[in-house]
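One structure is given here, and the rest of the page talks about it.
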Amino acid sequence: MDTTASTFEIENIGLEEGDVIVTTTVNPRHVQLYLIPPEWSYAASDREAIQLDIVTSSKTPDEARLTGQIKLAQQPKVLIQLSDTLHTPGDFLKFRIILTDEVNKPFPRSEHPFDLTIALHHESQHTVASWDSRLAPGDIYSGQHLFADDRDIGDWNLTVTIGEQTTSKRFQVMLHSAPIHKIAIKTDELITRQDTHIAIAVEASYTFGKPLRGTLTLTVSGDDDQRVERSSPIAGNKIVMIPMDEIMSSRDTSAERIIHINASVSSTNGLTQRVYSQARSIPVYPSSYKLEVLRMVDFTPGQNATLFIRVTKANGKPLKELSNSKRSVSVSVKFHNEDSIISRNFVQSLDRDGTAILSLATDSITELLTVEMQYEDVSASITLEPAYSPQIHVLVESSSQYERKEGFTLTLVSSHPMDGVLAVIRKHNGENIPILIYCELQNYHEHFVPLVRPGDVKRVYVFGRFEGTLVQASTPYQEPAPSSRVNLYMNGTNIRVFAKGDSSRVGIAVYEGLLVEDQLESIYARSMFNGSVYPESEDVFPLSINDLIVMPPLQLLETGSQQDTIGTTPLNRLLHWEEGTTSNQKASFQFQPPPHINQLTVSAFVFGPTHGLGIAEPIHWQRQQDLKIYLHIPYSAKKLEPVTVDVYIVNNRLETVQFLLVELLNRANEFQFLNNSGRTDATHKILYGRLMPNEVQRAEFLIRPKKLGSITLKANAYTEGNVIARAETILRTIPESVQQMGSIVRLFSVDNSTESLDEVKIPIPRTVDRGSEKITLSLHREQLQIASLPVSLLLDKLVPADPCTESMKASLTLDVLELAKLEWTERKTLAESMANESTTKILEYSNTNGYFTIPDQHTPSSKCWDTVIAVQALIASNRHLHRTDVEGAIAAALDWLKTQQASDGRFCAEEDEQDGVKAVEKTAHVLLAFLEARKHIWRFVSVIDKARNYLLSSTANLREPRHLALVGHVFQFSLARPTGKENRALIDEQVSHILSELLDRKVQSASGLKMWWNGGTASDLEATAYALLLMTSRKYLFNAAPIVNWIKGQPYRRATSAITPNSHIALRALIEYAKHTTFLEKRYNATIIAGGKSGVLARQELRHDSGNHVLTLPPATRSVSFTISGTISGAMEINYSYMESVTLQTAKFDIELHRYDTSNEDYTDWRVCIRFLPKGFYEKTRMVTCEISFPTGYIALDDSVDELSQRDDVVTTVLRNDETQLSITFEEIGVQQRCFNVTGFRRNVETRQLPGTIKVFDVTDACKYSEPSEAL
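Each residue of the sequence shown is one higher than the one before, counting from 15 in our numbering.
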């Protein structure tokens, strides 16, 4: 830190009256705080931040400039709770949203409700749902979303956006079948090569808690391809001892080795066998300890090098408090320079936690530093090379329980000696505590901060200055712990939640089954509110600074963030999800466990105005029942695929059950029983048996699904004495199909106009599984990515300047105030006064002939240039002043400029006789003056046309980006001021050519986020500003975003005042861009028409005030017509997905079916159309058979069969299976549809009717077929 006093200047960019708000000289050994004037916050909108410019300078000419933001309004912290972070298709995602302050407490009820945008994003389906909502402080938002099928598999994000702040929560949808077993493999915490045996404990049980009995096969293999296998009976647990030499023969103990353990338990019910397996890899360490040496900061020769030493257990876990005899580390340091190597040996003492920070002094000739360390039987080394940029890091170490109870220690480490460092302790409650720390020119310093609890600290910032360079460092975010204590009880069907304080909101979740320890951790780490608590944005937003280095938080002492984690297995099925409110410090909920649920887990949280957020420890409930059964099936199966249904029966009594009956129900005829003596359509199947005391038995059923979708399986168990047990689960039947998906994006930009997109085709093939189509339309109210332009960046400083510059500055300020609808009377009055005074002065420069002469020294300077500059300033100011004398002066000046036009269209040719490029530039600016004088355009149509034609003929001679961008902007601007004589096609062609030339010469940052042009004879800022004006007028807002980002980092409002026609051109360009983005009032009405084969399927509307931004279109949609009217720049995105049968992908025939309206309850008439789908031109068919199987109870009507037999193209018709199946053979089926009619007669009335099918195949070629179609 400097030893001399420095001058600080603090200003509010654009919002402060005058240039500097605070100028003071501060001694560097003091900390001075400033109160922000209240009018600053009144002047900006709710979502803006105060833009500050802080300039520090001393007696030297160097200065450091920091531009940053101070938030005006406190944004809420968004907490998101999910029912789980792992789901399967068919599940409902349940979620809750609450808004809190920094310490997880709700905002006061007096606050206005917050506007939310909630969205669900899928990795391939993009935005699946998006809607607006409002959430009052202290309330809970609860919602849900159904995952329909396998297309929802993948990574998802639930996002909540408030203003510019977005908080997200990640989760996954996956295929998962919950296991019925649980096998745990346990060993000692540390296994080393010095051990003679490995003790492996295997614990095997069912998920419902009963021990798993059977034969254990334990296989252990090392990395030397040695394998050991042991078999033994197991009744729940078993310990097996394996000699180390049998799995590892190598004597090399220097490296970590891995052994692989596989435990398999086989059990049998007397008929079939089940094998349950679990695998685990175990590391074998060469030593019991692990020594780490880490670089904290780079070192500069002549300065100290600082290292972090840590000794842990071999598995990385911290050691318990070390004794004095175990604290020594041997250190050997070698300092390498050009001529010699200097060695130094010493012993470093560790702290009780096994860590130490070592600081080594180097000299100015040190070129390399090698450090070797030894602790017990482990060693480590590190080599450091010098780096010359200053660095600083800060660590927070909590005080030991044997020391102070409150307070913590700040550890500062830097690459250069530190004199004074400013630390800011930011607490969760928003309080900032500044501390000036004197480090006495040391590289390492510890400072104890008293009276502040470590849990109250959100983040610590430190600022140090080294040789004129400011370095900032910070600690990672720390989440506040829930302060509210919550108790949870369940008695029968009554769930009660107790917490201090009334009127608190309560949410509960009930899960099936007993959750084990790792699943209970999942409730805290994944399902509750411990996810993405903080938004992605930082507290401090650096915009631009000279010589500033921002160091990332140091993670040396961090154990790794647990935020936003996703587990490996889902929680059990969610049974209940409800919210309530406390009264008399408790809330009650009623939940009746279904009869087939034997165990469940309840979790809860409380969100109160006094104590904030509190999370209860989950509780378990278990049904007391002598007999229980559990169903276990695979997650899904394909249609007609055999499925094994295992029913586990548990006897909880100490006596034998002599008679046991287990049945599987099929009341809805959704599947067939196999191995059931031919009774495939039975409504139930029963198995008999008996149970020994506390025994678990497995009954097995083999079924085949008949339908697609969800099938509910129900099982019952009976014993004598009416003891009944029930179980229920869902089997999902899926087609043999593959998922296809795609998206279509169309950009649009309307400004009080209408834009239409007619029949945008959706490329879904005819071979799609009917009804599997999923089509959504999203309306993005921005073109995916638009550069951000807050109002404060557009307001100019109204500091004194020449009259022309003052007039332009004042008019731009009035423009922004009007566009942003800011009620800032003081600034508006000042701008109007400046515009009036400067305009009066400019009028004094006018001459009798109409031209102007500006007396101030400036370049370029001439009658023509002075007149253009004056007219430009007068037109800008008179948009707000509406003075008649100014309008008259503008008209007279334009009349004079008309007289200066040459026959070829250029102006003031005598001033630039030898320079064609200057003539083009001057003509472009004069033409802009004519075009901007909108009231007078009709008087100068021929003048404008001649000047434009001159520019069109001269474009080929331009080389510099500034001239190209200027002329392109003039061309595009002339189209917005039509005279009726412009050649639009030629102008568009020239503008496209100019844009192509500009893009070829652009300069871009490595990240691609910034883009600009070299100005040549002018500044880069002018060239880039005209390019932005051109791209904005062409509505290329997305492509122009990098240009805006570059200009925002330039001194576009601090440029030296100059009397030129390019005055404040960069600010003018930014304001023009903001008119299409920031200031664009998004009012629109969009009509979406979904079309299909039969015509219009749906007509829907989206308005600017619609709550939902994503529409779900009918599955049969194949085209979308989109019309939008109003004012908005955005994008329409169509996301579609469908399932396509694997067999249909190779099918050779397409089948279409239509049921006639003449059908009744006894006779059904169908029209069947068949078409051949060849792969090549020469592929043909020969004898083709269409096989029709009628629905249950129907037969083919004889009259329709006779009509088919009489057709010339039919070879034969055959009735089979008692006339329930009709086969029609054709001579040939071609690419043109072959259609025929067939009638079915209902012979019997069946209560359980199966649908009919149609199958087509080539008799002579087995490869040519169609998939059986369930169409009848």
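Every residue gets a Cβ at the ideal spot worked out from N, C-alpha and C, and that includes glycine.
Quantities reported herein were computed from a predicted structural model and do not represent experimental measurements.
C-alpha gap between residue i and residue j, whole angstroms
i	j	result
G469	R1048	54 Å
S1133	G785	16 Å
T898	Q986	30 Å
L654	E750	11 Å
T596	I629	14 Å
V474	I356	39 Å
S575	T1126	For S575, the predicted model reports a pLDDT of 40, less than 50, meaning its position is unreliable and no value from the coordinates is stated.
I1243	G1254	24 Å
G594	W838	45 Å
G545	K183	Unreliable placement is indicated for G545, whose pLDDT of 40 sits below 50; no coordinate value is reported for it.
A1037	N1028	7 Å
P549	L383	Reliability of the predicted coordinates at P549 is poor, the pLDDT of 37 falling under 50, and the value obtained from them is presented with this limitation in mind. So the two alpha carbons sit approximately 41 Å from each other.
T1227	V1182	15 Å
L589	L96	14 Å
K1194	P1188	7 Å
I904	A923	22 Å
W910	L857	15 Å
Endpoints, beta strand (DSSP E) assigned at residue i
i	result
T326	N318 to K327
I647	Neither: I647 is in no beta strand (DSSP E) and is coded neither H nor E.
N661	Sequence inspection shows Val at residue 661; the Asn mentioned does not correspond to that position. V661 -> beta strand (DSSP E) spans V657 to N665.
S473	A small fix is needed here, since residue 473 is Arg in this sequence, not Ser. Note, R473: beta strand (DSSP E), V471 to F480.
R1082	Here R1082 belongs to no beta strand (DSSP E); instead the alpha helix (DSSP H) covers I1079 to K1089.
Residues that residue i bridges to, as DSSP identifies them
i	result
R1256	Y1208
W1026	V1017
G628	V620
Y290	V279
C1200	I1238 and V1270
R780	According to DSSP, R780 bridges with nothing at all.
W145	I132 and N1122
E742	K728
Residue range of the unbroken alpha helix (DSSP H) whose run includes residue i
i	result
M848	T839 to L857
W952	Premise fails: W952 is in no alpha helix (DSSP H) and is neither H nor E.
D880	K877 to L895
K823	P817 to A834
H983	P975 to A990
T898	T898 to T913
CB of residue i within 8 Å of CB of residue j, strictly
i	j	result
P1205	L1167	no
R681	T697	yes
L204	K327	yes
H894	A849	yes
K108	W591	yes
R271	V298	yes
S825	A890	yes
G515	H625	yes
H190	Y290	no
Contact test: residue i Cβ vs the ligand SAH heavy atom, cutoff 7 Å
i	result
F1052	Summarising the ligand content, the structure contains no ligands, and the ligand SAH is consequently not present.
(Q) Does the structure place the segment 431-440 close enough to the segment 511-528 that three or more beta carbon pairs sit under 8 Å? (A) The segment 511-528 is not in contact with the segment 431-440.
Q: Would you check if there are 3 or more beta carbon pairs closer than 8 Å linking the segment 379-398 to the segment 349-367?
A: Yes, they touch.
Q. How about the segment 143-153 and the segment 112-131: do they share at least three Cβ pairs that are nearer than 8 Å?
A. Taking 8 Å as the limit for Cβ pairs, the verdict is that the segment 112-131 does touch the segment 143-153.
Q: Flag this pair as touching only if the segment 1106-1118 and the segment 1077-1085 have three or more C-beta atom pairs under 8 Å; answer yes or no.
A: With a cut-off of 8 Å, the segment 1077-1085 and the segment 1106-1118 do not count as touching, because too few Cβ pairs lie within range.
Q.
Count Cβ pairs between the segment 835-853 and the segment 895-915 that sit closer than 8 Å; are there 3 or more?
A. With the cut-off at 8 Å, the segment 835-853 and the segment 895-915 touch.
Q) Is the segment 656-676 close to the segment 763-770, with three or more CB pairs under 8 Å? A) No contact exists between the segment 656-676 and the segment 763-770.
**Q.** Three or more C-beta pairs below 8 Å linking the segment 990-999 and the segment 1055-1063
**A.** Contact fails between the segment 990-999 and the segment 1055-1063, because fewer than three Cβ pairs, one in each stretch, are under 8 Å apart.
Q: State whether the segment 751-763 contacts the segment 1139-1153, with contact taken as three or more CB pairs (one from each stretch) at a distance under 8 Å.
A: As far as the Cβ criterion goes, the segment 751-763 touches the segment 1139-1153, which means the pair count is three or higher.
Q.
For the segment 271-281 against the segment 234-254, do three or more pairs of beta-carbon atoms, one drawn from each stretch, fall closer than 8 Å, so that the two count as touching?
A. Touching, per the Cβ criterion.
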